[in-house]
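What follows is a set of notes on a single structure, which appears directly below.
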RNA sequence: CGGGGCGUAGCGCAGUCCGGUAGCGCGCACGGUUCGGGUCCGUGAGGUCGGCGGUUCAAAUCCGCCCGCCCCGACCA
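Residue numbers (the working numbering): 116 to 700.
Rendered as structure tokens:
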């Protein structure tokens, strides 16, 4: 490709809307342009990179038996009503009506369409297992898109769906994806870790997320360097302390004027925060048929810990949680700032599983300006649910080995879900087994967003001058820079490179050397070839790797061979970086 | 949805406080110059100042409403 014909230009200045490096560089190098919040056009450079990424996905999916299909972006709402997700998902779903006033959905994922296909196509255990996938546009009307391609509203995703006769089959395909996903990320040279994650609205019973660790990520992960435990904070467990047994003391009311936070209260009463009970009030939304029912949730953790809302939502099986208003809190008999689970009504009381072991806590008195000492679960109040709802934090002991855990931010570049029969039951995906008995299909669902993957690679591989893309992801293998006086030879080499099947971006512009080198650095193609009157004198061409400072000269006659070798070397360096990843079930 | 910031030429910005009819750098076009790290000189094109309404003799500037973009939070497969 000649740069004089390329449909994009580089920008010298940082566009003001970009403050994440990958976003800035992809804009400046002319890969992407923004149309609206979270909606992007992908220019030729990005398109070529995405195609390469998607081809890697295809190869890895095909390698585990996947068959590529294409499913629609526009769905009738009916199938989403069948699985209830039409009602469960909020404003994130794009909805509209067609000309006949039928409810329609912009695809945010494709389980419903897969299930519809399966119930029509699959009737016998002989047809299973099966793996289908597609690479298709998704629309998720995220309330806050950010960080360029890291979090967008419209994006392209490779999503695959496994179909099995039982849990064992699903487990096999899940494991196959687990490894295939590592293969994909490794081939894109992106370092990732797999963490256990919440199943969220996908449902099902097991999920992993593939995380690229970076400060610009928006998920927080708990990682144990000692034993390898890794989980999204949304579900991360930790070893709870085992407080000493104590005699239950008599409940006692104390005046605590203006002490409405745990911090102030603990200081005022001169007790550690771990001797207090923290109450949090949420309204849970529970799907009931096509409706949602609201329930008041009174959640309690020890004062030195925080509530984890994902854990809480899972514990009560709510589809959504929102903070309760002061009026709602008063309605159950509690007093904001001085609330206690003692003597409240019409609330679902959920207490963290550390509370039964924590005697004689300070809790609110449900009276302005007063708290209670020596409040004890079972004696002074009852819990409807006792389960882990505390949020894991930096330094908390690992649930598996007890060593302190670290936190890190991460970008979720892929996820895999064991859905089980969550969709096949609702949509009637059944088959006849060996015994002629009707069974539900076991499904798994697996996704990788290609744009987010590109952005993550851009985030990882760059310097102050621009991108430094791995050759597996780079839009071109080599960037041919022709300087003044070498036009004829460069033109000749350009045609030879094309003839040799090497993807080349050819800077044939009439620009100064500085501009050409700066743009080459910005665009980040891994190999740069320079031809100038200087190299011509020696009948040579300069080869420089974008990730190395030094360049080398090779004779023009040997150029193609040398470039081929350099390309192979870059690929083999990526392959050498691949290590076996044990499956963490 | 809550909090904050911003919206002036393709990009980056000044001008807004204190109203007088829009400017700088880069980029772009043309001419010349230079040629291994964003050459230099000259000429030129390009703007409903986000939109609508109001105040005023006069609005980029003051007031109101709306829209959009970015950041933090809430939210999120």
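Ideal Cβ placement from N, Cα and C applies to all residues, glycine included.
| query | result |
| --- | --- |
| Over the uninterrupted alpha helix (DSSP H) stretch that includes residue 267, give me the two end residues. | Counting along the chain, residue 267 falls outside any alpha helix (DSSP H), and DSSP gives it neither H nor E. |
| Roughly how many angstroms lie between the CA atoms of residue 182 and residue 293, to the nearest whole one? | 18 Å |
| Is residue 298 helix, strand or coil by DSSP? | helix |
| Taking contact to mean 3 or more Cβ pairs, one atom from each stretch, closer than 8 Å, check whether the segment 662 to 682 and the segment 623 to 635 are in contact. | no |
| Within a Cβ cutoff of 7 Å, which residues of the same chain sit near residue 670, ignoring the five residues on either side of it in sequence? | 654 and 655 |
| Could you please give the first and the last residue of the uninterrupted beta strand (DSSP E) stretch that includes residue 489? | 485 to 490 |
| How about residue 560 and residue 233: are their beta carbons less than 9 Å apart? | no |
| Go ahead and pull the three-state DSSP assignment for residue 239. | strand |
| Return the residue from the list 451, 668 and 349 that minimises the CA-CA distance to residue 395. | 451 |
| From the DSSP output, in three-state form, read off residue 176 for me. | helix |
| Could you check where the alpha helix (DSSP H) with residue 420 kicks off and where it finishes? | Premise fails: residue 420 is in no alpha helix (DSSP H) and is neither H nor E. |
| May I ask whether a heavy atom of the ligand HEM can be found less than 8 Å away from the beta carbon of residue 557? | This structure simply doesn't include the ligand HEM, nor any ligand for that matter. |
| Three Cβ pairs or more, each shorter than 8 Å: is that satisfied between the segment 160 to 177 and the segment 593 to 612? | no |
| If you drop the 5 nearest sequence neighbours on each side, which residues of the same chain put their C-beta closer than 8 Å to that of residue 737? | Since the displayed the chain opens at 116 and closes at 700, residue 737 lies outside it and no answer follows. |
| Taking the alpha-carbon positions, what's the residue 390 to residue 537 distance? | 42 Å |
| Where does residue 687 sit, in a helix, a strand or coil, going by DSSP? | helix |
| Considering Cα atoms alone, identify which of 216, 551, 526 and 614 is closest to residue 329. | 526 |
| Can you list, in chain order, the residues of its chain with a C-beta nearer than 7 Å to that of residue 523? Leave out the 5 residues immediately preceding and following it. | 328, 336 and 338 |
| Would you decide whether residue 467 is buried or exposed? Buried here means 16 or more other CB atoms lie within 10 Å of its CB. | buried |
| Nearest by alpha-carbon distance to residue 517: which of 355, 227 and 368 is it? | 355 |
| Which term fits residue 247, buried or exposed, when burial requires 16 or more other beta carbons within 10 angstroms of its beta carbon? | buried |
| Report back the beta-carbon spacing between residue 273 and residue 308 to the nearest angstrom; my notes put them in contact at under 8 Å. | With a Cβ gap of about 20 Å, residue 273 and residue 308 do not count as contacting. |
| Any contact between the segment 370 to 378 and the segment 484 to 491? By contact I mean 3 or more CB pairs, one from each, below 8 Å. | yes |
| Please report the straight-line C-alpha distance between residue 551 and residue 533, rounded to a whole angstrom. | 26 Å |
| Rounded to a whole number of angstroms, what is the C-alpha to C-alpha distance between residue 428 and residue 462? | 15 Å |
| Take every Cβ of the segment 210 to 220, pair it with every Cβ of the segment 261 to 268, and state whether three or more of those distances are shorter than 8 Å. | no |
| Where DSSP assigns a beta bridge to residue 644, which residues make up the other side? | 595 and 658 |
| I'd like the ranges of any beta strand (DSSP E) spanning at least 3 consecutive residues and lying wholly in the segment 506 to 544. | 521 to 535 |
| To the nearest angstrom, how far is it from the Cα of residue 695 to the Cα of residue 285? | Its pLDDT being 47, under 50, residue 695 is placed unreliably by the model, and the measurement read from it follows with that caveat. Those two C-alpha atoms are separated by around 22 Å. |
| Contact between the segment 583 to 592 and the segment 154 to 168: three or more CB pairs below 8 Å? | yes |
| Consult DSSP for residue 479 and reduce its assignment to one of helix, strand or coil. | strand |
| Is it a yes or a no for the segment 194 to 210 touching the segment 138 to 146, going by three-plus beta-carbon pairs under 8 Å? | no |
| In three-state terms, what does DSSP make of residue 122? | coil |
| Can you tell me which of the three DSSP states residue 347 falls into? | strand |
| Need the endpoints of the beta strand (DSSP E) that residue 218 sits in, please. | 218 to 221 |
| Please report the straight-line C-alpha distance between residue 193 and residue 276, rounded to a whole angstrom. | 21 Å |
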